[in-house]
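Taken in sequence, the protein lines are chains L, P, F and G. Using my numbering, you'd call the opening residue of the first sequence number 6 and step up by one each time. Using my numbering, you'd call the opening residue of the second sequence number 6 and step up by one each time. Using my numbering, you'd call the opening residue of the third sequence number 6 and step up by one each time. Using my numbering, you'd call the opening residue of the fourth sequence number 6 and step up by one each time.
Number of protein chains: 4
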Amino acid sequence: MAALRHMFEQPLRIRFAHCDPAGIVFFPQYLVMVNNLVEDWVTDALGIRYADLLAKRRTGLPTVSLHCEFTAISRMGDEVMMGLSVERLGQRSITLQLGCRMGDEQRMSIRQVLVCTSLETHRAIDIPADLRGAIENFSSN
Amino acid sequence: MAALRHMFEQPLRIRFAHCDPAGIVFFPQYLVMVNNLVEDWVTDALGIRYADLLAKRRTGLPTVSLHCEFTAISRMGDEVMMGLSVERLGQRSITLQLGCRMGDEQRMSIRQVLVCTSLETHRAIDIPADLRGAIENFSSN
Amino acid sequence: MAALRHMFEQPLRIRFAHCDPAGIVFFPQYLVMVNNLVEDWVTDALGIRYADLLAKRRTGLPTVSLHCEFTAISRMGDEVMMGLSVERLGQRSITLQLGCRMGDEQRMSIRQVLVCTSLETHRAIDIPADLRGAIENFSSN
Amino acid sequence: MAALRHMFEQPLRIRFAHCDPAGIVFFPQYLVMVNNLVEDWVTDALGIRYADLLAKRRTGLPTVSLHCEFTAISRMGDEVMMGLSVERLGQRSITLQLGCRMGDEQRMSIRQVLVCTSLETHRAIDIPADLRGAIENFSSN
């Protein structure tokens with residue numbers, strides 16, 4: 006039986022600025038929310054300041070692959086829950102499962118592959134030891 | 006001697022998504038932050054759900070005038086404080102003073118005039134009585 | 006041998022506003038570009054004004070599924086070519102293949118499923134006859 | 006009698022992605038449009054590649070002051086004309102007049118002060134000679 010993966014969760018209010026003329030979340034805005042979630046996961050759950058990783062250590066985590074299913078709409082004012090868990094930790098890449106739900110209703114599911122890169126060369130590099138250790142520690146909780 | 010105006014404040018983390026290739030906040034993103042602040046002020050401080058005002062009551066608060074001074078840069082990872090106070094409450098318009106500071110350093114100051122409109126006609130209407138009352142109550146605190 | 010699908014193409018300049026602190030396109034901005042491309046395809050290639058479809062006919066084309074591969078970075082100032090072709094036309098859904106390339110270098114590939122909805126109910130509806138006819142005509146060219 | 010200032014103009018289609026749940030342009034999106042216009046003015050009218058100015062020469066043009074009047078709404082699908090002229094060229098700053106109109110109807114007017122900075126220090130520097138010359142040449146046309 007598969008163990009439940011450890012999840013990082015964060016409540017979020019759907020805002021005017023997220024919504025389109027149809028009155029629902031404009032799908033690229035979901036990806037901005039997801040990027041913010043990954044950023045807070047690194048800073049707050051892994052304990053590695055995301056801004057330092059990029060600006061000081063010049064190490065990036067760009068997205069190389071993204072698979073999204075939008076299963077129900079979200080409207081302005083909805084108080085949703087964003088969630089993140091680690092599916093796979095590779096040598097140079099991290100595969101995340103991300104989601105947005107309101108109560109029991111799943112709004113969106115994303116599988117995102119990030120690759121670790123040098124921001125000087127934009128080439129893939131090994132995930133730094135402290136980041137790797139923090140992710141392993143997070144996943145084993 | 007002028008009394009200090011009552012202020013609605015909210016902490017905010019400057020994110021990757023706010024920043025530009027110069028590594029600092031892209032100025033239109035400040036206006037998205039300001040729009041979010043106004044939204045939360047209406048919902049959380051005035052007690053009138055912003056989403057209902059728009060979607061159910063079809064009453065909007067578009068911006069008609071905006072004066073911004075950007076006095077110091079904000080970088081990714083900065084934990085800033087956003088603030089809002091009411092400068093003037095008209096028959097159909099609201100003038101707000103908004104700001105962003107980090108500690109004692111003022112990053113940005115905005116004077117924004119919102120006008121109350123019908124979303125059916127996009128014409129100015131009187132500010133609804135409950136919204137007016139809540140703003141007067143907020144300002145007199 | 007598979008026939009080459011008819012493609013709608015549009016040049017695009019990668020802008021400051023598309024790029025992140027790493028100096029490359031922020032991936033949600035690619036989705037905004039793709040949304041703009043779909044909009045122009047409907048208006049300019051299919052001959053059905055996208056704004057009328059939404060605002061007057063209250064018919065939407067929200068995204069229900071999205072699969073993106075980001076294979077090479079794009080930098081500010083790059084003059085790229087965006088492309089769109091129709092993979093499948095269903096009763097209520099449209100599957101598109103979208104891409105971004107610079108010269109021969111593929112930067113990004115997307116498979117996007119749009120579903121036709123009523124903007125009154127946000128429920129799936131049959132693709133309107135004129136839109137269906139225009140898509141069939143486009144694909145058979 | 007004041008001479009009419011030389012103007013850089015560019016047509017623009019108001020898009021789904023620019024619009025908010027009220028079905029009109031979300032005001033921070035106007036500022037993104039304005040930033041794009043400034044970028045194209047530098048690259049196409051002044052003949053200095055904006056991306057090189059930033060990425061290679063590490064010279065930025067951040068906004069320090071902004072005064073906007075939104076006088077009429079723009080809706081999705083509107084084909085507007087964006088315009089830019091130079092009000093004042095200082096030692097380290099440029100004051101622009103920007104606007105958006107549809108036919109004879111003025112939608113928005115902006116006065117924007119840009120300051121020339123080093124992207125290494127984020128401090129003001131003199132406007133480079135080639136940029137200054139190109140702006141003088143543009144303004145005297």
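No residue lacks a Cβ here, since even glycine has one placed at the ideal position from N, Cα and C. Predicted model only: the values in this text are computed from it and were never measured.
| query | Do we get a CB-CB distance below 9 Å when we pair phenylalanine 21 of chain G with the residues of chain P? | reply | For this step, residue 21 of chain G is matched to residue 16 along the fourth sequence. It does not; no Cβ of chain P falls within 9 Å.
| What does leucine 94 of chain P pair with, by DSSP beta-bridge criteria? | As a first step, residue 94 of chain P is located in the second sequence; it is residue number 89 there, counting from the start. DSSP lists P/Ile99 as partners of leucine 94 of chain P.
| request: Classify alanine 134 of chain F as buried or exposed, calling it buried when 16 or more other Cβ atoms lie within 10 Å of its own Cβ. | output: For the purposes of this step, residue 134 of chain F is identified with residue 129 of the third sequence, where counting begins at 1. The residue is exposed, with fewer than 16 neighbouring Cβ atoms inside 10 Å.
| Helix or strand or just coil, what does DSSP make of threonine 126 of chain P? | Taking the first residue of the second sequence as position 1, residue 126 of chain P is located at position 121. Note: threonine 126 of chain P maps to coil in three-state DSSP.
| query | Is the distance from the Cβ of leucine 42 of chain L to the Cβ of cysteine 73 of chain L below 9 Å? | reply | The residue you call residue 42 of chain L lines up with position 37 of the first sequence. The residue you call residue 73 of chain L lines up with position 68 of the first sequence. The answer is no: Cβ separation not under 9 Å.
| query | Is it right to say glutamate 84 of chain F is buried, meaning 16 or more other beta carbons lie within 10 angstroms of its own, or is it exposed? | reply | If you number the third sequence from 1, residue 84 of chain F lands on position 79. Burial call: exposed.
| Could one say the Cβ of tyrosine 55 of chain F lies closer than 9 Å to chain G's Cβ atoms, at least one of them? | In the third sequence, the residue the question calls residue 55 of chain F occupies position 50. Yes, contact with chain G.
| field | Which residues DSSP lists as bridging glutamate 44 of chain P, in chain order | value | Position 39 of the second sequence, counting from 1, holds the residue named residue 44 of chain P. The partner list for glutamate 44 of chain P (beta bridge, DSSP) is empty, contrary to what the question assumes.
| message | Nearest by alpha-carbon distance to leucine 59 of chain F: which of F/Gly138, F/Asp131, F/Gly104 and F/Cys121 is it? | response | On the third sequence, residue 59 of chain F is found 54 positions in, with the first residue counted as 1. Checked all of F/Gly138, F/Asp131, F/Gly104 and F/Cys121; the closest Cα to leucine 59 of chain F is F/Cys121.
| query | Whose CA, out of L/Thr76, L/Gly82, L/Cys105 and L/Leu66, lies closest to the CA of arginine 97 of chain L? | reply | For the purposes of this step, residue 97 of chain L is identified with residue 92 of the first sequence, where counting begins at 1. Arginine 97 of chain L has its Cα closest to that of L/Leu66, out of L/Thr76, L/Gly82, L/Cys105 and L/Leu66.
| query | Who does cysteine 24 of chain G pair with in a DSSP beta bridge? | reply | Counting from one through the fourth sequence, the residue named residue 24 of chain G turns up at place 19. BP columns for cysteine 24 of chain G point to G/Val30.
| task | Report the rounded CA-to-CA distance for histidine 23 of chain L versus methionine 81 of chain L, giving the unit in angstroms. | result | If you number the first sequence from 1, residue 23 of chain L lands on position 18. If you number the first sequence from 1, residue 81 of chain L lands on position 76. Straight-line Cα distance between these residues: approximately 8 Å.
| query | Are there 16 or more other CB atoms within 10 angstroms of the CB of arginine 128 of chain G, so buried, or fewer, so exposed? | reply | Numbered from its first residue, the fourth sequence carries residue 128 of chain G at position 123. Exposed is the call here.
| query | Apart from the five residues on each side of it in sequence, which residues of its chain come closer than 6 Å, Cβ to Cβ, to alanine 7 of chain G? | reply | Residue numbering aside, residue 7 of chain G sits at position 2 when the fourth sequence is read from its first letter. For alanine 7 of chain G, the predicted model reports a pLDDT of 46, less than 50, meaning its position is unreliable; a value from the coordinates is still stated below. None.
| query | What residues in the segment 55-80 of chain F bring their beta carbon closer than 8 Å to a beta carbon of chain G? | reply | Tyr55, Ala56, Asp57, Leu59, Ala60 and Arg80
| query | So what does DSSP say about isoleucine 115 of chain L, is it helix, strand or coil? | reply | Mapped onto the first sequence, residue 115 of chain L falls at position 110. Correct three-state label for isoleucine 115 of chain L: strand.
| task | Pick out whichever of F/Leu136, F/Leu51, F/Phe32 and F/Glu110 has its Cα sitting closest to the Cα of leucine 119 of chain L. | result | Residue numbering aside, residue 119 of chain L sits at position 114 when the first sequence is read from its first letter. Here the closest residue by C-alpha is F/Phe32.
| query | Which class does arginine 137 of chain P belong to by DSSP, given the choice of helix, strand or coil? | reply | For this step, residue 137 of chain P is matched to residue 132 along the second sequence. It is helical.
| message | Counting only Cβ-Cβ distances shorter than 7 Å, please list the residues of the segment 17-41 of chain F near chain G, keeping chain order. | response | Arg20, Phe21, Ala22, Gly28, Val37, Asn40 and Asn41
| query | Taking the C-alpha atoms as reference points, what is the distance between methionine 12 of chain G and alanine 77 of chain G? | reply | Mapped onto the fourth sequence, residue 12 of chain G falls at position 7. Mapped onto the fourth sequence, residue 77 of chain G falls at position 72. When rounded, the distance between both Cα atoms is 21 Å.
| field | Cβ neighbours of isoleucine 29 of chain G in the same chain (closer than 7 Å, five flanking residues each side left out) | value | Here residue 29 of chain G refers to the residue found at position 24 when the fourth sequence is read from its first residue. The residues are Ile78, Ser79 and Arg80.
| Roughly how many angstroms separate the alpha carbons of arginine 10 of chain F and phenylalanine 75 of chain L, rounded to a whole number? | If you number the third sequence from 1, residue 10 of chain F lands on position 5. If you number the first sequence from 1, residue 75 of chain L lands on position 70. Looking at the two C-alpha atoms, the distance is approximately 27 Å.
| query | With a cut-off of 8 Å, do at least 3 Cβ pairs link the segment 106-119 of chain G to the segment 84-94 of chain G? | reply | yes
| message | Checking 9 Å against the spacing of the C-beta atoms, do isoleucine 132 of chain L and leucine 94 of chain L come in under that value? | response | Position 127 of the first sequence, counting from 1, holds the residue named residue 132 of chain L. Position 89 of the first sequence, counting from 1, holds the residue named residue 94 of chain L. Contact flag set, yes.
| Hey, how far is the Cα of leucine 17 of chain P from the Cα of asparagine 142 of chain F? | Start at 1 with the first residue of the second sequence, and residue 17 of chain P comes out as number 12. Start at 1 with the first residue of the third sequence, and residue 142 of chain F comes out as number 137. Approximately 50 Å, taken between the alpha carbons.
| If threonine 5 of chain L and leucine 124 of chain L are in contact, beta carbons under 8 Å, what's the gap, nearest whole angstrom? | Beyond the ends of chain L as shown, which are 6 and 146, falls residue 5 of chain L; an answer cannot be given.
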